[in-house]
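Per the working numbering, the very first residue in the sequence shown carries number 811; after that it's consecutive.
Quick reminder that beta carbons are idealized off the backbone N, C-alpha and C, glycines included.
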Amino acid sequence: MRRVLWVAAAVLAGTAPWWVPGYGLYVLTLAMVYGVAAVGLNLLTGYAGQVSIGHAGFMAIGAYASALATLRLGWSPWAGLVAGSAFGGITGFLLGLPAVRLQGPYLAVATLGFGTFVSQLLVKWESLTGGYMGLKPPRLTLGVLPLDAELYYVAGVILLGVVGVASALARRSFGRALLAVRDSELAAEATGVYVAGTKVQAFSLSAALAGLAGALQAHVVGYISPGDFTLLTSIFLVSAVVVGGLASVSGSVAGAVLLTVGFQALSGVRDLRTVLYGLLLVAAVVFFPGGLVRLSLRRRVGWAPISSAWRREERRAVS
811 MRRVLWVAAA VLAGTAPWWV PGYGLYVLTL AMVYGVAAVG LNLLTGYAGQ
861 VSIGHAGFMA IGAYASALAT LRLGWSPWAG LVAGSAFGGI TGFLLGLPAV
911 RLQGPYLAVA TLGFGTFVSQ LLVKWESLTG GYMGLKPPRL TLGVLPLDAE
961 LYYVAGVILL GVVGVASALA RRSFGRALLA VRDSELAAEA TGVYVAGTKV
1011 QAFSLSAALA GLAGALQAHV VGYISPGDFT LLTSIFLVSA VVVGGLASVS
1061 GSVAGAVLLT VGFQALSGVR DLRTVLYGLL LVAAVVFFPG GLVRLSLRRR
1111 VGWAPISSAW RREERRAVS
């Protein structure tokens, strides 16, 4: 039955450009962009246990690096995606070096400060970033299908690639090292895990994926400004990871899609949209504290104590 549902979902997703209205397709495309960033954040927060409230800063660096590479250097948008991911990863590496000494709320405040710094830098450095006027990078095109359909498929292929790579890493020794660091740094060191190096690697990979998402957003939307990468963006990504399920690659994508589509679905009550959206987030965390993935696990293992069932599933996934 589950296989049939997966096949049906794949068919619906693959044919979406032919039956989803134009703006709805744009929302789905943007949801997949955020899905890429959410996967990266979950590797850092869900797997490694390192809290970040500044991932919008990495997205901004990737977006502006890609936009400037195409506008100033004449690179193609495809090369710009690589540049955005690379700049995001390098920034994550540099931030991760001092951040390995921080934990919990101290790390959260440090990443919050980083995100705020990047946001203000984009506003003040007008000669490079355009300030509030922003930049208009070229959009990704293949010239084969209508533009909206091409952007949708490009975002989908990139998301699938990211999910595949992240899932493979999570199942290997790297994923086991991340979980060991999250559960107990002392125990991880005792088993031979280089804790500081693992944290820096997690920061670098997570930031690289956020940079890729930012670059993809720049070339999907065709316009970026500092207002696209604020604290609200970082909070949205954290919410997507929590709602989808910590330490779950697929949960990251599910959370990002659900929250993006859900926010747009409330557009009919614009005056109350933010309030209703917040209430729905609170309800999701209260009634489904493990996220969508643990809810799915409950359906498979019954209503046994979920902590033990989840631990068994988690160990199986990375073994």
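Query: With a 10 Å radius around its C-beta and 16 neighbouring C-beta atoms as the bar for buried, classify A780 as buried or exposed.; Result: What the structure shows of the chain is the stretch from 811 to 1129, and residue 780 is not part of that stretch, so it cannot be assessed.
Query: Confirm, please, whether the CB-CB distance from T1008 to A987 is below 8 Å.; Result: yes
Query: By DSSP's criteria, I1034 is part of a beta bridge. Which residues make up the other side?; Result: L945
Query: Please return the same chain residues whose Cβ sits closer than 7 Å to the Cβ of S1129, not counting the five positions on each side in sequence.; Result: Annotation note: pLDDT 46 at S1129 (below 50); position unreliable, no value reported.
Query: F1013 to G902, Cα distance in whole Å?; Result: 5 Å
Query: Is G944 near S1035, with beta carbons less than 8 Å apart?; Result: yes
Query: Using the three-state DSSP reduction, which class does Y874 fall into: helix, strand or coil?; Result: helix
Query: Start and end of the alpha helix (DSSP H) containing S1062?; Result: 1059-1075
Query: If we count the other Cβ atoms within 10 Å of its Cβ and call it buried at 16 or more, is S994 buried or exposed?; Result: exposed
Query: Using only the alpha-carbon positions, how far apart do S1058 and G974 sit?; Result: 12 Å
Query: What is the DSSP secondary structure of G1024, reduced to helix, strand or coil?; Result: helix
Query: Report yes or no: do three or more beta-carbon pairs, one from the segment 892-901 and one from the segment 1068-1080, lie closer than 8 Å?; Result: no
Query: On a CA-only basis, which of V1003, A978, A873, G966 is nearest G824? Give me that one, please.; Result: G966
Query: Let me make sure I understand the geometry here. Which of V821, L822, A848 has the alpha-carbon closest to that of G1024?; Result: A848
Query: At what residues does the alpha helix (DSSP H) containing S983 begin and finish?; Result: 983-993
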